[in-house]
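Participant: Chains as they are written, first to last, in the working numbering: chain A, 260 to 358; chain B, 26 to 720. There's a structure below that I have some questions on.
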């Protein structure tokens, strides 16, 4: 359920959307994803729709950026873990058994 | 409203109890029959891995392929699904295992070592015991031995299957019925196979087994050591001497009498090593006992006599190499805190040890490598008696040396030969291994570690084999069941007798090519040999174990095990107590449980404080060392670096499996039932709300 513009002032909703985006800059891509899902219905709002859409696109770009970065890192890590040796064991939280 | 909450609660509780029940053992017991697991485990070294691993739990239908033809048929067949293949040990060649693996139909292997057909009335064996079978390499441990750089090494184990050193990424378990639970498991499996055969593998349900044998270690030894997922293969050697005052500077020559105390095979739990391992160490104890009854105490002779029982010799001479390394190299104690620390658990102050490098005591420094005069090594000696023409027992043992032109070697060989001559004339039953004209140098032996540092030390390796290692070298079949117990005992006893006489004479500089057994007051007590034999093989209630044995399993595994600081396994404890008492200078009345209960310099042997120069010595790969933090590290990847993986638990269960069609059917029924119940809940809720007028 997105915030209801008839109950909350649109300016407040917009500032919430902005906050989501800016806090998301602190390496919180999931917050951006939440922002997109939560606010998306409001992009059709006549008043703040355009502004919200802008921030949601920013959030989307950020989330996408993180997705690419993390999946690249994952594939590199999985394939190179053995070659890296001690370094890989140091950055791992739970040691992987049998591999 | 309340009813709604109540309904939800009931639903929730029933769901929880269902979940709890499905985790319960009773639930599992109905569907899964737990079997005794004798697994092959993962071993690693500096360059890679060997042994078995199963990353995921696997299962398969039971199938038995008794012969090579049946196995080939199975591999070529277009059967669907996964199978657990029961293979006779003889068919466990690397080629067979690899083709099974690549066939894609095999999820695990059960090695059939012995056992009878439970359905046959005369309990006929399912497979014949092979005449020779060794899972070890064709030249075992040769890459770590004295001749590792020789271009043409003699092949000592030509029939070796070489599967111990291979890497298998699927589970291999052994079928070896020997006690009640293992016989029960074995019968269940064989009955399962016969059940499947009766149903022609098409009429479901069929019998299947499930394995889970996850080995934590991977990649190589340095990786798993870093991750703390493995332990060094090894244990504790024991050295003992009647010369209580032996010291580095006494200038007295030292005669070493040596043997290996343990063994290895593919399945560690059922490692027996009767000939390769037990027989030599029994002879060693019998010799120590015979010499302890010398009219003049042997400690007063011109030479010291030192008994060494090495652990882990089958793993590239772990015990002997470490012992020689420690007595040969100058020792520097870098740090001594006298109290136990996290990296070194010994109270080093009590025993005169060292915290780093960690040693409980430094008494090994009293053995001067430069004083070593000669080595008598007892290899496998259980099979020295054969039936000759006319059913007359024929005794035959062989002496192996590195260099026949070494005068010291010649003296020992001729002396042993002369002492073994029946009636003092003719050729003795201890012969020169090269009497057939082939000079093969030393077989894999502990003496190599000594000769590595000084090739001129006279060293003889005495064995019951001449050209090839024993028929069941490092195999599960090396349990003596092909021999008569009394023959084994008299075989060990006669060679121990000759050797003890030779050592006795040599310690007084009296050994000569014409030495005669007549007038020699030394003789081995064959009753003791019999007792030792029983203790180390079948008799768990043996009196020699009283001092330290807690569990009373029927069977003692002679597998090397892993090195753990300060914790000695059964075999080293046995040798420590027995040799400690035999070589005791004096035995006090003071009772003890541990060495710490006794005074400085005393040991606790057979529950009495004893004044005896008998010590444990570390045994683990020469390429491994412990660092200051107590962590194992690899210091020389060229030397032995064997480590054994850690694991948590083995699963090995028998269960009934239905066909894949009926499994799909079950799944579909389940989905349908779920949908139905969802619909029921929705309509039921509406109905209840309407009838109770809750809205």
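All C-beta atoms, glycine included, are put in the ideal place defined by N, C-alpha and C. From a predicted model like this one, the values you see are computed outputs, not experimental measurements.
Out of curiosity, what's the CA-to-CA distance linking residue 498/B and residue 511/B?
Facilitator: 21 Å
Participant: Taking the C-alpha atoms as reference points, what is the distance between residue 96/B and residue 215/B?
Facilitator: 17 Å
Participant: What distance in whole Å lies between the Cβ atoms of residue 198/B and residue 135/B, which are believed to be in contact at a cut-off of 8 Å?
Facilitator: 5 Å
Participant: Compute the Euclidean distance between the alpha carbons of residue 462/B and residue 383/B, then round it to the nearest angstrom.
Facilitator: 48 Å
Participant: In this structure, does DSSP put residue 667/B in helix, strand or coil?
Facilitator: coil
Participant: When we look at the beta-carbon of residue 306/A and count the other beta-carbons within 10 Å, is it buried (16 or more) or exposed?
Facilitator: exposed
Participant: Beta carbon of residue 315/A, beta carbon of residue 295/A: below 7 Å?
Facilitator: If you check the CB distance, residue 315/A and residue 295/A come in under 7 Å.
Participant: Give the residues from the region 231–245 of chain B that approach chain A closer than 8 Å (Cβ to any Cβ), ordered along the chain.
Facilitator: 239, 240, 241, 242, 243, 244
Participant: If I measure Cβ to Cβ from residue 192/B and keep anything under 6 Å in the same chain, skipping five residues before and after, which residues do I get?
Facilitator: The answer, listed in chain order, is 74, 75.
Participant: Run through DSSP, which three-state label would residue 411/B get?
Facilitator: Looking at residue 411/B - three-state DSSP - the assignment turns out to be strand.
Participant: Residue 253/B to residue 355/A, Cα distance in whole Å?
Facilitator: 11 Å
Participant: Going by beta carbon distance, what residues of the same chain come within less than 8 Å of residue 320/B, once the five residues before and after it are set aside?
Facilitator: 546.
Participant: Does any residue of chain A bring its CB to less than 7 Å from the CB of residue 200/B?
Facilitator: no
Participant: Report the option in 282/B, 229/B, 258/B, 601/B whose CA atom is closest to the CA atom of residue 532/B.
Facilitator: 282/B
Participant: Could you tell me if the beta carbon of residue 494/B falls within a distance shorter than 6 Å of some heavy atom in the ligand GTP?
Facilitator: The ligand GTP is not among the ligands present in this structure, which contains no ligands whatsoever.
Participant: To the nearest angstrom, how far is the alpha carbon of residue 66/B from that of residue 335/B?
Facilitator: Roughly 23 Å separates the two Cα atoms.
Participant: Could you work out which residue in 555/B, 246/B, 180/B is closest to residue 495/B when comparing CA atoms only?
Facilitator: Looking at the Cα atoms, 180/B is the closest of the given residues.
Participant: Nearest CA to the CA of residue 492/B: which residue from 164/B, 141/B, 130/B, 103/B?
Facilitator: 164/B
Participant: Using three-state DSSP, classify residue 643/B as helix, strand or coil.
Facilitator: strand
Participant: Pick out the complete alpha helix (DSSP H) segments inside the region 368–395 of chain B, 4 residues or longer, and give them in chain order.
Facilitator: 373–376
Participant: Quick one, which of 285/B, 584/B, 627/B, 562/B has its alpha-carbon nearest residue 602/B's?
Facilitator: 627/B
Participant: At 9 Å on the CB atoms, spell out the chain B contacts of residue 354/A, in chain order.
Facilitator: Those are 241, 252, 253, 254, listed as they occur along chain B.
Participant: Closer than 7 Å, CB to CB, is residue 358/A near chain B or not?
Facilitator: Chain B places a beta carbon closer than 7 Å to that of residue 358/A, counting this residue as a contact.
Participant: Relative to the C-alpha of residue 508/B, which residue among 569/B, 609/B, 411/B is closest?
Facilitator: 411/B
Participant: Closest to residue 584/B by CA distance: which of 157/B, 541/B, 290/B, 176/B is it?
Facilitator: 290/B
Participant: With a 10 Å radius around its C-beta and 16 neighbouring C-beta atoms as the bar for buried, classify residue 321/A as buried or exposed.
Facilitator: buried
Participant: Taking the beta strand (DSSP E) that residue 633/B falls in, what are its first and last residues?
Facilitator: 633–636
Participant: Using a cut-off of 9 Å between C-beta atoms, extract the partners of residue 341/A located in chain B.
Facilitator: 243, 244, 248
Participant: With distance defined between alpha-carbon atoms, name the residue in 291/A, 338/A, 301/A nearest to residue 265/A.
Facilitator: Of the listed residues, the one whose Cα sits closest to residue 265/A is 301/A.
Participant: Can you check whether the CB of residue 288/A is closer than 7 Å to the CB of residue 325/A?
Facilitator: Yes.
Participant: Using the C-alpha atoms, what's the distance from residue 656/B back to residue 367/B?
Facilitator: Straight-line measurement puts the Cα of residue 656/B at about 11 Å from the Cα of residue 367/B.
Participant: What alpha helix (DSSP H) runs, 4 residues minimum, are completely inside the region 515–596 of chain B?
Facilitator: 551–562
Participant: Hey, which unbroken runs of the beta strand (DSSP E) at 3 residues or more fall wholly within the region 161–205 of chain B?
Facilitator: 197–200
Participant: Is residue 348/A close to chain B, meaning its C-beta is less than 7 Å from at least one C-beta of that chain?
Facilitator: Answer yes: the Cβ-Cβ gap between residue 348/A and chain B drops below 7 Å somewhere.
Participant: For residue 346/B, report the span of its alpha helix (DSSP H) as first-last.
Facilitator: Per DSSP, residue 346/B belongs to the alpha helix (DSSP H) from 343–353.
Participant: Since residue 401/B and residue 487/B should fall inside the 8 Å C-beta cutoff, what is the C-beta to C-beta distance between them, to a whole number of angstroms?
Facilitator: With 8 Å as the limit, residue 401/B and residue 487/B qualify as a contact, their Cβ atoms being about 7 Å apart.
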